[in-house]
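In this text, residue positions in the sequence shown follow the working numbering: the first is 4, and each later residue adds one.
Quick reminder that beta carbons are idealized off the backbone N, C-alpha and C, glycines included.
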Amino acid sequence: MRKVPILVSSCLAGIPCRYNGKAKTDQNIVNAVARGEAIAACAEELGDLPTPRPPAEIVGGDGYDVLQGNATVVSIDGQDLTEAFVAGAQKVAQLATSNGITEAVLQDRSPSCGCGAIYDGSHSGTLAEGDGVLAAILKQRGLQVSARRGQ
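Quick look at the structure:
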């Protein structure tokens with residue numbers, strides 16, 4: 004019987020898709036993807052955001068609040084990116100569902116992938132408790148989600 008793969012953030016898999024056009028490579032994750040044990044996805048790129056792009060943070064709460072329409076994802080230059088973040092998260096969640104995935108390892112502190120801690124929306128580098136949009140939607144669907152910080 005073939006083991007179900009885990010979902011991982013593309014940037015942890017060495018793909019340069021972060022807002023700054025770089026990756027946050029975790030060699031263990033790169034190896035897991037190469038072995039077919041993990042599937043890499045980037046919710047921000049799947050939400051049709053360009054790479055590179057201005058950094059963004061959740062304003063007014065966390066990913067759960069965004070999904071409920073009570074918070075927004077805003078770039079450092081003031082652009083509301085909420086729709087793109089939600090659309091991308093929904094696409095990744097569908098990818099997880101269609102592959103029977105039950106576990107995800109995501110890039111920490113991201114407004115998409117952050118798990119347990121995200122930036123507070125002030126673009127000052129201050130962390131706050133909470134989950135990003137993708138982490139929230141995956142947890143709502145019953146996936147086990149953890150965060151990892153790549154290099």
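With DSSP as the reference, identify every bridge partner of residue i, one or two as the case may be.
i: Ile-121; result: Arg-112 and Ala-131
i: Glu-86; result: Answer by DSSP bridge pairing: none, since Glu-86 is not bridged.
i: Val-62; result: Thr-75
How should residue i be labelled, buried or exposed, when 16 other C-beta atoms within 10 angstroms of its C-beta is the threshold for buried?
i: Pro-53; result: exposed
i: Ile-121; result: buried
i: Ile-79; result: exposed
i: Ala-128; result: One detail in the question is off: residue 128 reads as Gly in this sequence, not Ala. Exposed is the call here.
i: Leu-15; result: buried
i: Ser-113; result: buried
i: Gly-72; result: exposed
i: Arg-38; result: exposed
For residue i, which of the options has the nearest alpha-carbon?
i: Leu-49; options: Leu-137, Thr-129, Ser-149 and Arg-144; result: Leu-137
i: Ile-140; options: Thr-129, Gly-128, Ala-131 and Ser-115; result: Ser-115
i: Val-77; options: Ala-59, Asp-51, Ile-32 and Thr-28; result: Ala-59
i: Thr-28; options: Thr-129, Ser-127, Ser-125 and Leu-109; result: Leu-109
i: Cys-118; options: Val-7, Lys-6 and Val-11; result: Val-11
i: Ile-32; options: Tyr-22, Ser-13 and Gly-24; result: Ser-13
i: Pro-55; options: Leu-130, Ala-26 and Val-69; result: Ala-26
i: Gly-24; options: Thr-100, Ser-125, Pro-57 and Asp-51; result: Pro-57
i: Gly-81; options: Thr-100, Asn-102 and Ser-125; result: Ser-125
Verify whether the separation of the beta carbon atoms of residue i and residue j is less than 8 Å.
i: Arg-152; j: Asp-123; result: no
i: Glu-106; j: Gln-147; result: yes
i: Ile-18; j: Glu-40; result: no
i: Val-144; j: Ala-74; result: Here residue 144 turns out to be Arg, not Val, going by the sequence shown. It is not a contact, given that the beta carbons lie outside the stated cut-off.
i: Gly-133; j: Asp-65; result: yes
i: Ala-92; j: Ala-43; result: no
i: Ile-104; j: Val-7; result: yes
i: Val-69; j: Val-89; result: yes
Handout entry: Those runs of the alpha helix (DSSP H) which lie wholly inside the stretch 23-57 and span at least 4 residues
Key = Within the stretch 23-57, complete alpha helix (DSSP H) segments of at least 4 residues are found at 30-37 and 46-49, given in chain order.
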